[in-house]
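Each residue of the sequence shown is one higher than the one before, starting from 1 at the first, in this note's numbering. C-beta: ideal position from N, C-alpha, C; glycine also. Heads up, the thing below is written out as structure tokens.
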Amino acid sequence: MRALWGVVGACALLVLTGAAPAAVAADGKGDQNFTIEDSRITESSGLAASHQHPGIYWTHNDQDTGSYLYAVDSGTGKTVARVTLAGVGRQRDVEAVSIGPDNQIYVGDIGDNDGVSWPYVWIYQLPEPKELKDQTIRAKQYVVKYTDGSRDAESMIVHPKTGRVYIIDKQEDGGHLYEGPAQLSTSGANIFKPVEPVDLWATDAAFSPDGRHLAVRGYFGGIWYDWNGGDLKKEGRLSVPLGQGESVSYSADGTTLMLGSEGEGSEVVAQDAPGGGDGSSDSASGGGSSAQGGDGDGGGGSGTVKVGALAVAAVVAVVLGFRRLSRPRR
Numbered sequence: 001m002r003a004l005w006g007v008v009g010a011c012a013l014l015v016l017t018g019a020a021p022a023a024v025a026a027d028g029k030g031d032q033n034f035t036i037e038d039s040r041i042t043e044s045s046g047l048a049a050s051h052q053h054p055g056i057y058w059t060h061n062d063q064d065t066g067s068y069l070y071a072v073d074s075g076t077g078k079t080v081a082r083v084t085l086a087g088v089g090r091q092r093d094v095e096a097v098s099i100g101p102d103n104q105i106y107v108g109d110i111g112d113n114d115g116v117s118w119p120y121v122w123i124y125q126l127p128e129p130k131e132l133k134d135q136t137i138r139a140k141q142y143v144v145k146y147t148d149g150s151r152d153a154e155s156m157i158v159h160p161k162t163g164r165v166y167i168i169d170k171q172e173d174g175g176h177l178y179e180g181p182a183q184l185s186t187s188g189a190n191i192f193k194p195v196e197p198v199d200l201w202a203t204d205a206a207f208s209p210d211g212r213h214l215a216v217r218g219y220f221g222g223i224w225y226d227w228n229g230g231d232l233k234k235e236g237r238l239s240v241p242l243g244q245g246e247s248v249s250y251s252a253d254g255t256t257l258m259l260g261s262e263g264e265g266s267e268v269v270a271q272d273a274p275g276g277g278d279g280s281s282d283s284a285s286g287g288g289s290s291a292q293g294g295d296g297d298g299g300g301g302s303g304t305v306k307v308g309a310l311a312v313a314a315v316v317a318v319v320l321g322f323r324r325l326s327r328p329r330r
């Protein structure tokens, strides 16, 4: 697997020299490029900026030996706390983490890539700890069902103002934004319904801290939307680092997008947030990977770059397919 990813990296360097921002020296301030140093984090599949601890990001594995959240210092890449979730069943495929109002962390056990067959999935909720240390916290567990049957999903977001939870399903030709009930209930199933199309093979999403923008990423690109009260308005494209990109988060102040990937020692890449974090309509699109689907080519570029990007995409697709086939069925 590492050899295959080496091929992807080599292709990326040859044909997409501007695809990802160059690494910057860590100055201890955080919210910059960093590498996750914890060897226990081998499949970082979600990312969320702490509300109470500047420069700290919460992440998790998509499969683990227990239900854990890791607090990673973006200034050093080191884990400063591991939280064990109590009161929940054995996780299946945890794919997303988001923080809502009142410093509540939501964890999405929503993946279903082995045949799209789960009759229901789960969301866990717990308070963000005030003190960063290894500890166990009791979580609420919510049962989630969809109005149109089982879904594979890797994106779960919580609106920072209303606290409403949304899920975006993962489909190669584009999925949908699913809206949950106004308040989740631990009694019975919480029904999520499709409300808006999302023109992307989505692997994660994030709200801006003010709730006005929604960033959605995939393996080869991304899109950012004006939330517009839930009536999504496409504003522009996002460049993303090539690789198995699985996570995105706004920084706590909304000025930066943090883009993560799977793998041991994986990198999180920082780039300016759309509109500079001030709510303006300037696009963050440009050089680098373009979003999947939609109209246009996401920032132009030469024919060589386009062909090269397609070649890289093909290699990555092979790797992802190999990974899916090699993953043990649960």
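The continuous beta strand (DSSP E) containing T84 extends over residues 79 to 86. By DSSP's assignment, V94 forms no beta bridge with any residue. Taken in chain order, the stretch 216 to 272 contains no complete alpha helix (DSSP H) segment of 4 residues or longer. When the alpha-carbon of Y57 is set against those of R92, K78, I110, the nearest one is in K78. By the beta-carbon neighbour count (other beta carbons within 10 angstroms, threshold 16), G265 is exposed. If you ignore the 5 residues before and after S98, its C-beta comes within less than 7 angstroms of the C-beta of A48, Y106, M156, I157, V158, all in its own chain and listed in chain order. Sorting G236, W122, G163 by C-alpha distance to the C-alpha of D199 places G236 at the top.
T136: member of the beta strand (DSSP E) spanning 135 to 138, first to last residue. Annotation for G175: the continuous beta strand (DSSP E) segment containing it runs 175 to 179.
For the options L259, Q135, R92, the alpha carbon positioned closest to that of G108 is the one of R92. Residues Y178, F192 of the same chain have their beta carbon placed closer than 7 angstroms to that of Y146, with the five preceding and five following residues left out of the count. Annotation note: the stretch 102 to 157 contains the following uninterrupted beta strand (DSSP E) runs of length 3 or greater, listed N- to C-terminal: 104 to 109, 121 to 127, 135 to 138, 140 to 146. P274 carries a helical assignment under DSSP once its states are collapsed to helix, strand and coil. Check the Cα spacing between Q135 and each of S50, V248, L214, S67: the tightest is with S67. Comparing alpha-carbon positions, the option among W201, E43, P197, H53 lying closest to L132 turns out to be H53. Counting C-beta atoms within 10 angstroms of its own C-beta, R138 has fewer than 16 neighbours from the protein chains shown and is therefore classed as exposed. Remark: C-beta atoms of L257 and A215 approach each other more closely than 8 angstroms. For the options K161, A206, T186, G218, the alpha carbon positioned closest to that of G174 is the one of G218. In the displayed model, S74 falls within coil according to three-state DSSP, outside both helix and strand.
In this structure, DSSP gives W201 a state outside helix and strand, which the three-state scheme calls coil. G180 and A202 have their alpha carbons spaced roughly 18 angstroms apart.
Distance between E267 and I168, taken at the CA atoms: about 24 angstroms.
Counting C-beta atoms within 10 angstroms of its own C-beta, Q183 has fewer than 16 neighbours from the protein chains shown and is therefore classed as exposed. For L69, the closest of W118, D152, Y124 by C-alpha to C-alpha distance is Y124. A check of alpha carbon separations from P197 across E172, G87, H176 identifies H176 as the nearest. Contact between S150 and V116 holds: their C-beta atoms lie close to 5 angstroms from each other, under 8 angstroms.
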